[in-house]
Every structure is written in structure tokens, then in C-alpha cells.
Ligand SMILES: Cc1ncc(COP(=O)(O)O)c(C=O)c1O
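Residue numbers (this note's numbering): 21 to 459.
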């Protein structure tokens with residue numbers, strides 16, 4: 021074992037458990053101290069290869085770029101909070117103008133908040149306001165956040181929802197996952213069309229009238245749900261249904277957006293334009309920021325209808341603007357990096373699938389990839405214990421990984437990761453799967 025966990029870590033975890041409510045930390049005792057480039061460092065001085073990008077936030081390397089940090093420091097010395105939702109300020113406007121250059125020409129207006137959850141909460145409100153309708157269609161296995169509106173559309177795990185309901189005005193449709201095809205179809209496309217049929221011919225024909233549905237919320241790739249990629253036809257059909265019925269199509273880009281799949285908007289992989297996009301995580305370059313970008317054709321909000329104290333916080337927006345400038349300046353390079361590293365990773369991950377009975381599925385787009393761990397390939401029963409064992413083994417060998425879905429492991433290193441470091445991380449993963457398989 022390379023990693024030694026000592027008293028400092030134990031002490032912090034013990035104090036944490038006394039004063040903090042529990043969150044999702046359970047896989048390994050990582051107490052973060054600093055991050056730089058491809059690596060994360062803990063309080064003991066251990067160095068880890070980061071295959072998590074700190075939950076898809078540091079897309080361009082741990083702790084952001086030097087330019088991002090400088091922009092934040094400079095702004096903090098001038099003004100941190102400008103009460104942007106009551107007073108005017110130039111920096112958030114500049115950022116919104118900059119952000120909109122990444123969307124189709126003339127596309128939209130921006131609402132700034134502090135997280136992915138809030139960005140989705142804002143989208144729910146905008147969709148209701150603009151359509152004057154009330155129901156929201158979400159998908160089984162979706163994750164949109166944990167406030168009551170966003171949680172209502174979330175359906176990844178019972179533990180997220182238990183005791184927090186009822187969640188009014190939400191209906192969950194089936195998201196395609198051909199690996200676990202409940203319709204017994206013969207291709208991913210046929211499977212996706214069966215999901216669409218269920219939405220149109222069951223949900224929208226018997227339970228909820230499209231005349232009452234305000235929005236369809238969809239993740240272009242289901243993130244927390246296990247990195248599930250639907251076929252293009254699925255999104256195209258959702259677009260058709262939304263257009264035909266005056267329903268707002270919302271693309272939750274919180275995890276999949278911001279170049280993670282090789283494109284700024286993950287929805288672009290499907291050749292579909294949504295009506296509202298929500299973004300967070302990487303957009304703030306390490307500081308909290310949520311953005312809801314709505315098509316101009318939907319309209320505007322009446323003054324006072326929606327606001328929040330910290331949306332457009334200047335330190336966050338300074339970080340976001342510097343991160344976006346970095347992205348725009350290096351867009352071609354980032355695109356080619358994602359393509360190249362996708363090939364490297366997919367080759368290795370498919371080898372893992374060939375070599376090990378417990379690697380059931382390999383999936384994802386760009387540098388948003390996952391493997392699903394199963395008991396064996398035939399039964400496809402979820403290998404939850406095995407998945408957790410692999411993640412823990414990797415931690416003690418110096419590789420940070422995060423779970424996703426019931427038994428998947430996400431592989432989301434910074435897009436900028438050095439290829440030798442990437443290979444080293446993949447070797448550690450291979451070794452941990454080998455050792456877990458041998459048991
Ligand atoms: C797709 C998606 N939407 C929304 C959220 C919620 O974002 P936040 O944790 O910033 O509130 C997440 C978080 O993982 C996410 O993956």
C-alpha cells in the first residue's frame with residue numbers, strides 16, 4: 021500500500037462526525053488539503069492521481085488555472101459581493117455576454133445562482149412561468165439536485181427522496197439504458213423508441229395531459245445515475261414531443277457540460293437544441309456558481325418574480341469568466357485532448373471488460389466514462405460490494421475514484437491530465453479489479 025492514513029485524518033473525521041450532518045462521504049478517508057494539475061493531496065501529505073476532478077469541477081486541472089486564481093484574488097480585493105440581484109454590476113454582465121457566445125446566436129438570457137440544484141430550481145420556475153403549466157416530466161435514474169423542486173425530479177436512489185416527499189406535479193418517464201433493457205428490444209435505438217412510446221402512449225395519453233406539462237427535464241448523459249448515454253434518437257424525439265406540445269425542454273448540463281464530453285454543451289452530441297440549459301460545477305472554476313440559460317423566445321421574468329442574494333457573486337463570476345476565457349482560447353486543443361484521451365481510456369476500459377468477469381459494461385462520451393461492476397456478465401446482478409472494494413483499493417494505492425449509479429465507477433480525470441499519469445491511473449484501476457476478481 022502506498023497511502024498511509026494516520027492520526028491527523030482520524031482526528032478530523034472524528035470531529036467532523038460530531039458536528040456535521042452526514043453527507044455522502046463513505047468510501048474512503050480522504051481529507052483534502054490541496055490540489056494541483058493531475059493530483060490531489062491529503063492532510064497527511066499523500067499524493068493521489070485524481071480521476072474525479074473533485075466531482076467534475078476541476079475540468080482543467082486541480083484547483084483551477086493560475087489565471088483563474090489571480091482573477092479571484094484581484095476581485096476579492098475590490099468587491100466580493102455586489103448584491104447583483106438588487107444593484108447593477110459590470111462583471112456578471114460581461115460573464116453572461118461571454119457565456120452566451122457559446123450558445124446559438126441570439127439564444128438567450130442568463131440567470132445566475134450558486135449551484136446546480138439552484139440552476140435547476142430556477143429552470144423549473146421559468147418553465148412554469150413561461151408556459152403557465154404545472155407538471156414536470158423527469159426520468160427514472162435522473163439526478164438534478166436536492167432542494168425540494170429539483171429533488172422531486174431526481175429519481176436515482178431512495179435515500180435521496182425518502183421522508184422528503186410528497187413531490188407534487190412530477191412524473192418520471194423511462195430513460196434508455198440498453199444494457200438493462202426491460203423491453204427486450206434488439207438495438208439501442210429500438211429500446212430508446214420503446215421508452216419514448218411509453219412516455220407518449222402511456223404517461224402523456226393516460227395520466228398527464230401534455231396541455232398541463234410545463235417541462236421535460238433531461239440529463240444528456242445521466243451522471244449520478246451511472247453515466248448512461250442514450251442514443252441520439254431519444255433526444256430528437258424528446259425535442260419533437262416538446263415542440264409539438266409547447267413543453268420546455270431543459271438540458272441539465274451540470275455534470276456533462278463544459279467540455280467534459282468534448283463539446284461545450286453535452287446536448288450538442290445529439291444534434292438537439294434545448295429551450296433551457298442549466299450549468300454549474302466546472303463553470304465556476306472551483307467557486308460556487310450556477311447558471312440557467314433560457315431561450316430568448318420564451319420571454320422574460322416580471323421584475324421581482326425571481327431573485328437571490330448571492331447569484332452573480334463577484335468572486336465566483338471572476339473565476340467563471342477567467343475559466344471561460346481559458347476554455348475559449350484553448351477550445352480546439354481541449355476538443356482534441358478529449359478525443360485522444362477518450363480513445364486511450366476506452367481502449368483500456370474495454371480491455372478490462374474483456375479480461376474480467378465483473379466488468380459488465382463500459383460507457384460514456386468524451387472524458388465522462390464509467391464501468392459498471394456486476395457479479396458476473398450473465399446475471400448482470402449489481403456488484404456493489406465489489407465496486408466499493410475496487411474504489412477503496414485504488415484509494416490506498418493513490419488513485420481517487422467516485423462511484424455512480426448502483427454499481428458503476430466514474431472515470432473523470434481533469435481533461436488536461438498528462439497521458440502518462442492517465443495510464444498510471446488506469447493501471448491502478450486494472451490492478452484493483454484483478455485483486456477484487458481473485459477473491
Ligand atoms: C446532473 C446534475 N444536476 C444537478 C446537480 C446538483 O448540483 P449541485 O450539487 O451543485 O447542487 C448535480 C450534482 O451532482 C448533477 O450531477
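For every residue, glycine included, the Cβ atom is placed at its ideal position computed from N, Cα and C.
Check                                                                                                                           : Outcome
Any non-hydrogen atom of ligand 1 closer than 8 Å to residue 306 Cβ                                                             : no
Residues bridged to residue 392 [DSSP beta-bridge criterion]                                                                    : 381 and 428
Ordered list of alpha helix (DSSP H) runs contained in the segment 120-161, each at least 4 residues                            : 136-151
With 16 other Cβ atoms within 10 Å as the buried cut-off, status of residue 178                                                 : exposed
Sequence-distant residues of its chain with Cβ nearer than 7 Å to residue 118 (five each side left out)                         : 341 and 344
Cβ contact check for the segment 307-322 and the segment 41-48: 3 or more pairs under 8 Å                                       : no
Continuous alpha helix (DSSP H) assignments of at least 4 residues falling wholly in the segment 242-327                        : 252-264
Bounding residues of the beta strand (DSSP E) (the contiguous stretch that carries residue 62)                                  : 59-62
Residue 230, DSSP secondary structure in three states                                                                           : helix
Contacting residues, own chain, Cβ-Cβ under 6 Å from residue 456 (five flanking each side not counted)                          : 406, 409 and 410
Buried versus exposed call for residue 333 [16 or more other C-beta atoms within 10 Å across all chains shown]                  : buried
Candidates 302, 397, 424 and 354, of which the one nearest residue 243 by Cα                                                    : 424
Three-pair Cβ contact test at 8 Å for the segment 68-78 versus the segment 90-110                                               : no
Those residues which DSSP pairs with residue 115 across a bridge                                                                : Answer is none; residue 115 lacks a bridge partner.
Limits of the alpha helix (DSSP H) - the one that residue 68 falls within                                                       : No alpha helix (DSSP H) contains residue 68, which is instead part of the beta strand (DSSP E) from 67-70.
Three-way DSSP call (helix, strand, coil) for residue 422 in this model                                                         : strand
Coil, strand or helix - residue 55 by DSSP                                                                                      : strand
Helix, strand or coil at residue 180 according to DSSP, with G and I counted as helix                                           : helix
Spatial neighbours of residue 161 in its chain, beta-carbon cut-off 8 Å, leaving aside the 5 residues before and after          : 175, 176, 195, 197, 242, 245, 246, 248 and 425
Strand pairing of residue 238, partner residues [DSSP]                                                                          : 271
Cut-off 7 Å between Cβ atoms - residues of its own chain near residue 386, not counting five sequence neighbours on either side : 280, 281, 282, 358 and 362
Residue span of the alpha helix (DSSP H) that contains residue 211, given as start and end                                      : 208-217
Endpoints, the beta strand (DSSP E) within which residue 506 is located                                                         : Any answer about residue 506 is impossible in this case: the structure gives the chain only from 21 up to 459.
Contact test: residue 135 Cβ vs ligand 1 heavy atom, cutoff 8 Å                                                                 : yes
Paired residues, beta bridge with residue 402 - DSSP                                                                            : 394
Assigned exposure category for residue 285 - 16 Cβ within 10 Å defines buried                                                   : buried
Residue 331 - DSSP class collapsed to helix/strand/coil                                                                         : coil
Candidates 289, 181 and 180, of which the one nearest residue 276 by Cα                                                         : 289
Other residues of its chain near residue 438: CB distance less than 7 Å, five sequence neighbours each side excluded            : 58
Per-residue burial, residue 419 [other beta carbons within 10 Å of its own, 16 or more giving buried]                           : buried
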